[in-house]
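A.B. asks:
Number of protein chains: 2
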Amino acid sequence: MTEQLKTYFGNNFQTTPTEVEKLVSAFKEKSVKKNETLISKGEVCRYAYFVCKGSVRAYFIDDDGQEATRYIALENQFITTVHSFIAQTPTNEFIQATEQSELLQISYTDFKKLIEETTLAKDLYNKQLEVAYVTNHWRVESFLKMSAKQRYDFLIEVNPAIIQRLSNKIVASYLGITQESLSRLKVQK
Amino acid sequence: MTEQLKTYFGNNFQTTPTEVEKLVSAFKEKSVKKNETLISKGEVCRYAYFVCKGSVRAYFIDDDGQEATRYIALENQFITTVHSFIAQTPTNEFIQATEQSELLQISYTDFKKLIEETTLAKDLYNKQLEVAYVTNHWRVESFLKMSAKQRYDFLIEVNPAIIQRLSNKIVASYLGITQESLSRLKVQK
DNA sequence: GAAAAACATTGACAAATGATAAAAAATCAC
DNA sequence: GTGATTTTTTATCATTTGTCAATGTTTTTC
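Here the protein sequences line up with chains A and B, keeping their order. Take any residue in the first sequence, count from 1 to its spot, add 4: that is its number in my numbering. Take any residue in the second sequence, count from 1 to its spot, add 4: that is its number in my numbering.
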C-alpha cells in the first residue's frame, strides 16, 4: 500500500527518494468496512486520508435531515474535511467509506511538522488546496449552468466510476437531486 | 488607497511594517468605470485585484449564452481568476467592474517574486487560497441543500450589500436563477 | 436461506422554476 | 432634459423537479 503512495508522489511531484520516504513513513494503514464513518459532524478533523482502494465520501446533513454529498474520492485521491483539518476547528461534515476500502492516514500533527521539514509535504499541501479549490469551483459552475440531467450526463462522461460503483442514493445526493428524480433521468436517457 | 491595503494587512496578518511596505509598493492604482472588463475569457490572468471602493465580479458564459456569476468582491476583498493567475493558463471567466471602482492591482510576476522574499506575501497567498476554497465550498453547500428562495433569503441575511448595490440581473446570475424568477421571489417574500 | 431492512423504480400529483412576451420603470447617452 | 436603451415587473404557459405512496428488487443480518 505504501508503494502506491510512493508512486503517486513520484508521478505528481518533483522530489527525492529521501523526502518521499520521510513523508510516506508518516502515513498509517487503515482498513475500513463499507459505511464505516471516519469523521463525524462536531469533531475536529485529525486525519487526512489517501484512498489506495475503494471509495470515500464527504457529506453533510441539511435542515430537512437529507444527506448531501460534497465530494467523492476514488483510488489515488486524498480526502479530508479541508477547513477543519487545516484550522483544527470542528467540522460540519461526515466522512464515510462508501465501499470496503484500504486507506493511508496522516495525522495533523505529523503533517504540520513535515510541512516545516520537507518541501514535498509543503508542495502536497499547496497542490491539495488547489485541487480542492478547482473541484469546488467546477461544482459551482455546474450548478450555475446545468440542469440535473446535464449534470448527470456530464458525470457519466467524466467520472462513470462514481455512477457504476456507488448507490443511486449517493449519486443523487452528489448531484443535488432526489433519488426518484435520478431514477427518472436514467430512464429518459 | 494604499493606506487601506496597509490597514488590511495589519488587521489580518502577523507582519512587520517593512514587509507591508514592500508588498504594498508592488500594487498599482487602477480606476475602472462601471461595466469595464478587466479580464476576458481566453486570456491568461496577469493580475490580482484588491477592491478599495466599488465592486467587481467574476463570471462566465454558459452554452446558452447566459452569464453566470461565480464571485462578487466588495470593498477590502481580493478578486482574480484564481487558477489562471496561479498556473498562468488561459481562463474561461471574465472579470468586470459592477460599479465605478478604485482598485489596487498586483502582477503575477511581482507577486511570485514577493512570495519568495516575504512571508507576508506567502501568507497572503495561502490565506487567499483558503478563502477561495471556503467561499466555493459554501456555495456548493448552498446549491446542494437550498431552494432558490432559501439562497436569496440567506444572501439578504449574510450579504445584503450585494442585493442592494447590484442589479437584479447580476444577483440572479449569482443565485443561479433567471431574472424573472428573482423578481417573483422578491414579491412572494 | 429466510426475514428484515435498505434501496430502486414507477405513477399521480404538486410546487418550483424557466421561457416568452408585453408593459412599466429606471438608467444612460447625447 | 429628452429620447433611446436597459432593466424590472407581471402574466401566461411549459418544463423540470419534488413529494408521497405503492411496489419490486437487492442487500444485510441472523
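Note that beta-carbon positions come from the ideal geometry of N, C-alpha and C, so glycine has one too. For clarity, every value in this text was computed on a predicted model and none was experimentally measured.
Helix, strand or coil for Ile-181 (chain A), going by three-state DSSP, please let me know.
C.D. replies: coil
A.B. asks: Could you say which of A:Gln-100, A:Leu-108 and A:Thr-113 lies nearest to Phe-89 (chain A) if we only look at CA atoms?
C.D. replies: A:Thr-113
A.B. asks: Can you tell which of B:Gln-132, B:Glu-71, B:Asn-130 and B:Glu-40 has the C-alpha that lies nearest to the C-alpha of Gly-58 (chain B)?
C.D. replies: B:Glu-40
A.B. asks: Buried or exposed: where does Val-24 (chain B) fall if 16 or more other Cβ atoms within 10 Å of its Cβ makes it buried?
C.D. replies: buried
A.B. asks: Could you give the residue range of the beta strand (DSSP E) that holds Ser-111 (chain A)?
C.D. replies: 105-111
A.B. asks: Just to make sure I have the definition right: I need the residues of chain A whose C-beta is within less than 7 Å of the C-beta of Asp-66 (chain B). Which are they?
C.D. replies: The CB of Asp-66 (chain B) comes closer than 7 Å to the CB of Lys-149 in chain A, given here in chain order.
A.B. asks: Distance, Cα to Cα, Glu-97 (chain A) vs Glu-47 (chain A)?
C.D. replies: 9 Å
A.B. asks: To the nearest angstrom, how far is the alpha carbon of Ser-151 (chain A) from that of Asn-80 (chain B)?
C.D. replies: 34 Å
A.B. asks: Hey, how far is the Cα of Ala-77 (chain B) from the Cα of Leu-189 (chain A)?
C.D. replies: 37 Å
A.B. asks: Put Lys-10 (chain B) into one of helix, strand or coil per three-state DSSP.
C.D. replies: helix
A.B. asks: Tell me the DSSP bridge mates of Val-144 (chain A)?
C.D. replies: Paired residue(s): none; Val-144 (chain A) is not in a bridge.
A.B. asks: Determine the burial state of Thr-85 (chain B): buried for a count of at least 16 other Cβ atoms within 10 Å of its Cβ, exposed for fewer.
C.D. replies: Classification of Thr-85 (chain B): buried, given that the 10 Å Cβ count is 16 or more.
A.B. asks: With distance defined between alpha-carbon atoms, name the residue in A:Ile-119, A:Thr-95, A:Lys-116 and A:Phe-82 nearest to Leu-108 (chain A).
C.D. replies: The shortest C-alpha separation from Leu-108 (chain A) is found at A:Phe-82.
A.B. asks: Could you pull out every residue in the same chain whose Cβ sits closer than 6 Å to the Cβ of Tyr-53 (chain B), ignoring the five residues on either side in sequence?
C.D. replies: Excluding sequence positions up to five before and after Tyr-53 (chain B), its CB lies within less than 6 Å of the CB of Ile-83, Leu-107 and Gln-109, all in the same chain and listed in chain order.
A.B. asks: Quick one: give me the first and last residue of the beta strand (DSSP E) that Gln-100 (chain A) is part of.
C.D. replies: Run containing Gln-100 (chain A): 98-101, per the beta strand (DSSP E) assignment.
A.B. asks: Opposite Thr-71 (chain B) in the DSSP bridges: which residues?
C.D. replies: Note that residue 71 (chain B) is Glu in the sequence shown here, rather than Thr. Note: Glu-71 (chain B) sits in a beta bridge opposite B:Ile-65.
A.B. asks: Please list, in chain order, the chain A residues whose beta carbon lies closer than 8 Å to that of Val-86 (chain B).
C.D. replies: Tyr-137 and His-141
A.B. asks: Please classify Gly-14 (chain A) as buried or exposed, where buried requires at least 16 neighbouring CB atoms within 10 angstroms.
C.D. replies: exposed
A.B. asks: Per DSSP, which one or two residues make a beta bridge with Glu-33 (chain A)?
C.D. replies: A:Leu-108
A.B. asks: Since Glu-145 (chain A) meets chain B, which of its residues come closer than 8 Å, beta carbon to beta carbon?
C.D. replies: Those are Phe-64, Ala-72 and Arg-74, listed as they occur along chain B.
A.B. asks: Between Lys-10 (chain A) and Leu-9 (chain B), what straight-line distance do the alpha-carbon atoms span, to the nearest angstrom?
C.D. replies: 43 Å
A.B. asks: Lys-170 (chain B) touches chain A at which residues, Cβ-Cβ below 7 Å?
C.D. replies: Correcting the residue type first, residue 170 (chain B) is Leu in the shown sequence and not Lys. Near Leu-170 (chain B) there are no residues of chain A at all, since even the closest Cβ is about 16 Å away, more than 7 Å.
A.B. asks: Can you tell me which of the three DSSP states Leu-42 (chain A) falls into?
C.D. replies: strand
A.B. asks: Can you confirm whether the region 118-129 of chain B touches the region 111-126 of chain A when touching is taken to mean that 3 or more C-beta pairs between the two stretches lie within less than 8 Å?
C.D. replies: no
A.B. asks: Please name the residues in the region 80-106 of chain B whose beta-carbon is closer than 8 Å to at least one beta-carbon of chain A, in chain order.
C.D. replies: Val-86, His-87 and Ile-90
A.B. asks: Which residue marks the beginning of the alpha helix (DSSP H) containing Phe-89 (chain B), and which one marks its end?
C.D. replies: Residues 86-91.
A.B. asks: Which residues bound the alpha helix (DSSP H) around Phe-158 (chain B)?
C.D. replies: 152-162
A.B. asks: For Arg-169 (chain B) and Glu-103 (chain B), which I take to be in contact (beta-carbon distance under 8 Å), what is that distance rounded to the nearest angstrom?
C.D. replies: 7 Å
A.B. asks: Among the residues of its own chain, which have a CB less than 8 Å from the CB of Ile-64 (chain B), if the five just before and after it don't count?
C.D. replies: Just to set this straight, residue 64 (chain B) is Phe in the shown sequence, not Ile. Hits under 8 Å: Lys-45, Glu-71, Ala-72, Arg-74, Asn-96, Glu-97 and Phe-98.
A.B. asks: In whole angstroms, give me the CA-to-CA distance for Ser-187 (chain B) and Asn-172 (chain B).
C.D. replies: Cα to Cα, Ser-187 (chain B) sits roughly 8 Å from Asn-172 (chain B).
A.B. asks: In terms of alpha-carbon separation, which member of A:Asn-130, A:Tyr-178, A:Thr-22 and A:Ser-105 lies closest to Val-200 (chain A)?
C.D. replies: Outside the shown range of chain A (5 to 193) lies residue 200 (chain A), about which nothing can therefore be said.
A.B. asks: Taking only beta-carbon positions, decide if Gly-46 (chain A) is within less than 8 Å of chain B.
C.D. replies: At a cut-off of 8 Å between beta carbons, Gly-46 (chain A) makes no contact with chain B.
A.B. asks: Mind checking Gly-180 (chain A): buried by the 16 CB within 10 Å criterion, or exposed?
C.D. replies: buried
A.B. asks: State the Cα-Cα distance for the pair His-87 (chain A) and Val-138 (chain B), rounded to the nearest angstrom.
C.D. replies: 7 Å
A.B. asks: To the nearest angstrom, report how far apart Leu-133 (chain A) and Phe-115 (chain B) are at their CA atoms.
C.D. replies: Taking the straight line from one Cα to the other gives about 19 Å.
A.B. asks: Give me the chain B residues within the contact set of Gly-58 (chain A), using Cβ-Cβ distance strictly less than 9 Å, ordered along the chain.
C.D. replies: The CB of Gly-58 (chain A) never comes closer than 9 Å to any CB in chain B; the least such distance is about 23 Å.
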